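Please read the structure below before turning to the comments.
Residue numbers (the working numbering): -15 to 214.
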């Protein structure tokens, strides 16, 4: 069995995607977290883009970019998460290609520096949600993107849907309630143990701390521990 090292920032959703695939395949791996503002030399030496995730295999090969890592793991380790049918598999790959557009709306809203930027980014979210709502209507009856079987599409979207809920609890967005299939899918993903690299309350607290540390506009709506207790 190969030796796997997954290098991450604690709150990075792209790394979480790779970790989900590893856990779904029941693969043992070392999860090593580094600080985004203090990237060690050993990491810079193995990461061509100087960013996470990086999957180090047998201390010899470094794979980078979360989609490439997920595809490699699915091609080399059973059980396959991609559908066997080539047409369904192509459709799945097309929806994973849509992920950066989807993710930009969710993460861009949370990390918007001003009120204007926040509302401008938030206004783009429903269009992305509507596309997925329509896809879910034609793909399956759930609970996952392809029905009963968890897939690489599920692994890709789970971290960003989770962060939508995190942000929605900081500053109400009110979008996902208008898309019942998407909401049910998101809830099914978050309920799956393999999705979580940290207990959800711990990761949510780290997400909020990031907003405050970076002085994002939404951070003003995060109650201090003292205020919340009063």
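Every residue, glycine too, gets a C-beta built ideally from N, C-alpha and C. Keep in mind it's a predicted model, so treat the numbers as computed, not measured.
Look at residue 14 here: in three-state DSSP terms it is strand.
A check of alpha carbon separations from residue 22 across 35, 12, 11 identifies 35 as the nearest.
The Cβ neighbour count for residue 109, taken over all protein chains shown within 10 Å, is at least 16; the residue is labelled buried. In this structure the region 147 to 163 touches the region 183 to 201; the number of beta carbon pairs closer than 8 Å is three or more. Taking the Cα of residue -14 as reference, the smallest distance to any Cα among 31, 85, 167, 46 is reached at 46. The residues 178, in chain order, have a CB closer than 6 Å to that of residue 7 in the same chain once the five nearest residues on each side in sequence are set aside. Within the region 67 to 111, no run of beta strand (DSSP E) reaches 3 residues while sitting entirely inside it. Taking C-beta separations shorter than 7 Å and ignoring five residues to either side along the sequence, the partners of residue 83 in its chain run 140, 141, following chain order.
Inter-residue distance for residue 205 and residue 199 is about 11 Å (C-alpha atoms, whole angstroms). Under a 10 Å Cβ-count criterion, residue 39 is classified as buried, with 16 or more other Cβ atoms of the shown protein chains found around its own Cβ. Taking all protein chains in view, the Cβ of residue 107 is surrounded by fewer than 16 other Cβ atoms within 10 Å, so the residue is classified as exposed.
DSSP, read as helix, strand or coil, puts residue 130 in coil.
The shortest C-alpha to C-alpha distance from residue 29 to any of 164, -2, 154, -9 is the one to -9. Distance check between residue 128 and each of 94, 103, 15, 66 places 66 closest, using alpha-carbon atoms only.
Exclusion of the five residues before and after residue -6 leaves 17, 190 as the residues of its chain whose Cβ lies within less than 7 Å of its Cβ. In this structure, the straight-line span from the alpha carbon of residue 120 to that of residue 145 is close to 15 Å.
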